[in-house]
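Just so you know, the sequences run in chain order S and L.
Anchor point for the first sequence: position 211 equals 205 in my numbering, and the numbering is continuous, going up by one each time.
Anchor point for the second sequence: position 53 equals 47 in my numbering, and the numbering is continuous, going up by one each time.
Where is the CB? At the ideal position from N, CA and C, for every residue including glycine.
All of these numbers come straight from a predicted model, not from anything done at the bench.
There are 2 protein chains.
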Amino acid sequence: MLHEEVVSRLRGMLLEGEIPPGARIPERELCAALQISRTPLREALKVLAADGLVVLLPNRGSRAAKLTGHDVRNLFEVCQGLEALAGELACKRISDEQLAEISAAHAAMVKHQRRGDLTQYYRCNRTIHEAIVRAADNPILSVLYESVTSRIRRARYVTPMVPERWSLALREHEGILNALLRRDGSGLAHILRAHLRHKLEEVTHAGFAEDSEAMGSDNAKS
Amino acid sequence: MLHEEVVSRLRGMLLEGEIPPGARIPERELCAALQISRTPLREALKVLAADGLVVLLPNRGSRAAKLTGHDVRNLFEVCQGLEALAGELACKRISDEQLAEISAAHAAMVKHQRRGDLTQYYRCNRTIHEAIVRAADNPILSVLYESVTSRIRRARYVTPMVPERWSLALREHEGILNALLRRDGSGLAHILRAHLRHKLEEVTHAGFAEDSEAMGSDNAKS
DNA sequence: TACCTCATTTTTGCATTCAAAAAACGGGCA
DNA sequence: TGCCCGTTTTTTGAATGCAAAAATGAGGTA
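Written as structure tokens, this is what we have:
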């Protein structure tokens, strides 16, 4: 197994909660599970630690990182900055095909909202946001965006929404699409920032902001 | 030597050009130089590779990353987004002490500009930008900012400036300070974006954007 | 000379090993 | 019983060893 594969496999386990936040990371077992020795596993752990998904305690092993309310706030703030930037750049660089894709995803999203299908709604939603970042055509931005959003994905795309919030979000998305069509970079940036600010409010309100991803089992001794 | 120390030591070598961009990284020699074995060195290399400072070629070792003109553009763009965000947040959160520090640094910078001391000017300049990020009080942002800026630091803080550009930069900095004093977040964000956009133009104009940090020796076989 | 081939050396990536640190256990004592 | 201290076991972090891959270089051929 390649180094990058080990990293992404582990990242997946951490993000999916397969290794719950705060839990001790059992090197031995993981080695057995992934069929690798400790050396490459530990290399991957250091990489993930640098990315904030794992915390290394000197001489005491590593644990899956646990997000605090502050972390969630900070991540959402950075996400706002990155999406706003992506929006600005996307307006300059987006192709007609990419725009068509986003329009289609938007239409599908509206449909799912009408039917009350939150899961499918979120899927389209995410497609749109990711497409905007892709349209910005900046690999550095893409990597940072992926790193930041992956850590708040569950909070962002699992939080339930009350009807008013949901329709507000939809109106914001109308604005996003319009701004894109008009290639109005600063307008789009503005809407995206507000959109994410509102999302953070929802997430916070839903109680995700406290130990966000730590919901469910919590094997850590603080 | 601690893991983090190895990483930051190596990062320093790469950023300072002690290991020139594109150069092969000699594991053996570095182990000897740092007095460590290959295992911790390789762990550090993977971390730096994830950060973009090193490229790993499977079965062919690692090399110091070489920035292309596109990389420089992309990094500056992301930097714009991050500084704009930092400005917004700083206006909400900056303390009077922090504001005083920035004012002092600004005054010193003006003095150095009058005397034509570019090095000292840049030192104060960097202090100001970093202080704004610190005032934003968002560790996630700080880490990303450090990662992005460290990679373009040499381009940013070494490029010579023609007098008109220099005085424009200074006027922009007056605007930055004023916006901070007025706690005008969006105004500050706007100025910072323009400031960095202009900086990128200077850097590009100075030819830094092509193999930016590859100036000097270039031991790589492309 | 230019180029191809194949043996030799070096380097890489990973498994294993080893010393030191931390945790777990258990006996002694109040 | 509850707690402290010394011992054993486990786990961690790093060095070493080893097989496979790549680079090097010498010799042969056109």
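Ile34 (chain L) and Val0 (chain L) closer than 7 Å at C-beta: Per the sequence shown, residue 34 (chain L) should be read as Pro rather than Ile. A Cβ-Cβ contact shorter than 7 Å links Pro34 (chain L) with Val0 (chain L).
Span separating the alpha-carbon of Leu175 (chain S) from that of Ala125 (chain S): 14 Å
Runs of beta strand (DSSP E) lying entirely within the segment 39 to 88 of chain S, each at least 3 residues, in chain order: 48 to 50, 56 to 58
Alpha-carbon spacing of Tyr116 (chain S) relative to Leu47 (chain S), whole angstroms: 23 Å
7 Å Cβ cutoff, Lys239 (chain L) in contact with chain S: An answer regarding residue 239 (chain L) cannot be provided, because it is not within the stretch -5 to 216 covered by chain L.
Beta bridge counterpart(s) of Arg18 (chain L) as assigned by DSSP: L:Arg57.
Closer than 7 Å to chain L by CB, Leu61 (chain S): no
Minimum Cβ-Cβ distance from Leu8 (chain S) to chain L less than 7 Å: At a cut-off of 7 Å, the C-beta of Leu8 (chain S) has no neighbouring C-beta in chain L.
Helix, strand or coil at Gly11 (chain L) [DSSP, three-state]: Assignment of Gly11 (chain L) by DSSP, reduced to helix, strand and coil, places it in the coil class.
Whole runs of the alpha helix (DSSP H) within the segment 127 to 185 of chain L, excluding any shorter than 4 residues: 133 to 150, 157 to 175
Supposed contact pair Leu8 (chain S) and Leu42 (chain S) - C-beta distance, whole angstroms, cut 8 Å: Taking 8 Å as the upper bound for CB-CB distance, Leu42 (chain S) and Leu8 (chain S) are in contact here, some 7 Å apart.
Glu195 (chain S) at chain L interface by Cβ criterion, 7 Å: no
Ala84 (chain S) and Ala129 (chain S) closer than 7 Å at C-beta: yes
Any chain L beta carbon closer than 7 Å to Ala44 (chain S): yes
Partner residues on chain L for Thr113 (chain S), Cβ-Cβ distance less than 9 Å: Per Cβ cutoff of 9 Å: no residues; Thr113 (chain S) is ~28 Å from chain L at best.
Proximal chain L residues relative to Lys40 (chain S), where beta-carbon distance stays under 7 Å: His(-3), Glu37, Lys40, Val41
Neighbour flag for Val104 (chain S) against chain L, beta carbons, 7 Å: So, not an interface residue.
Residue-chain proximity (Leu69 (chain L), chain S), Cβ-Cβ < 7 Å: yes
Cutoff 6 Å; reference Leu50 (chain L); Cβ partners in own chain excluding five residues on either side: Ala43, Ser56
C-alpha gap between Thr121 (chain L) and Val127 (chain L), whole angstroms: 10 Å
Coil, strand or helix - Ala200 (chain S) by DSSP: Looking at Ala200 (chain S) - three-state DSSP - the assignment turns out to be coil, as it is neither helix nor strand.
Neighbour list for Ala17 (chain L) in chain S, Cβ cutoff strictly below 7 Å: Close partners of Ala17 (chain L) in chain S (Cβ separation under 7 Å) are lacking, with about 21 Å as the shortest Cβ gap.
Assigned secondary structure, Ile30 (chain S) (DSSP; H/G/I helix, E/B strand, else coil): coil
Whole-angstrom distance between Glu12 (chain S) and Ser216 (chain S), CA atom to CA atom: Residue confidence for Ser216 (chain S) is low, a pLDDT of 34 falling below 50, so the modelled location carries little weight; the figure read from the coordinates is stated next. Approximately 19 Å between the Cα atoms of the pair.
Chain-ordered neighbours of Pro14 (chain L) on chain S, where CB pairs are closer than 9 Å: At a C-beta separation below 9 Å, Pro14 (chain L) has no neighbours in chain S, since its nearest C-beta there lies roughly 22 Å away.
Straight-line gap, Glu155 (chain L) to Glu196 (chain L) (C-alpha atoms, nearest Å): Just to set this straight, residue 155 (chain L) is Met in the shown sequence, not Glu. For Met155 (chain L) and Glu196 (chain L), the gap between their C-alpha atoms comes out near 7 Å.
Cβ-based neighbour list, Ala59 (chain L), same chain, cut-off 7 Å, excluding 5 preceding and 5 following: Pro15, Gly46, Leu47, Val48, Val49
Cβ pair count under 8 Å reaching 3, the segment 140 to 150 of chain S against the segment 87 to 96 of chain S: no
Contact set between Val72 (chain L) and chain S, taken where Cβ atoms lie within less than 9 Å: Leu76, Leu79, Asn132, Ile134, Leu135, Leu138
Enclosing alpha helix (DSSP H) for Leu93 (chain L) [first to last residue]: 90 to 109 is the span of the alpha helix (DSSP H), which, as asked, contains Leu93 (chain L).
Expected contact under 8 Å - CB spacing of Glu166 (chain L) and Ala200 (chain L) to nearest Å: Actually they do not touch by this definition, with Cβ atoms about 18 Å apart.
Distance CB(Leu182 (chain L))-CB(Gln74 (chain L)) smaller than 7 Å: no
Contact set for Val72 (chain S): own chain, Cβ-Cβ below 6 Å, skip 5 residues either direction: Val142
Nonlocal neighbours in the same chain, by C-beta distance under 7 Å from Glu95 (chain S), ignoring five residues either side: These residues qualify, in order along the chain: Ala125.
Residue closest to Arg36 (chain S), alpha-carbon to alpha-carbon, out of L:Leu186, L:His(-3), L:Ser161, L:Pro157: Looking at L:Leu186, L:His(-3), L:Ser161, L:Pro157, the one whose alpha-carbon comes closest to that of Arg36 (chain S) is L:His(-3).
Under 7 Å between C-beta atoms of Arg177 (chain S) and Asp131 (chain S): no
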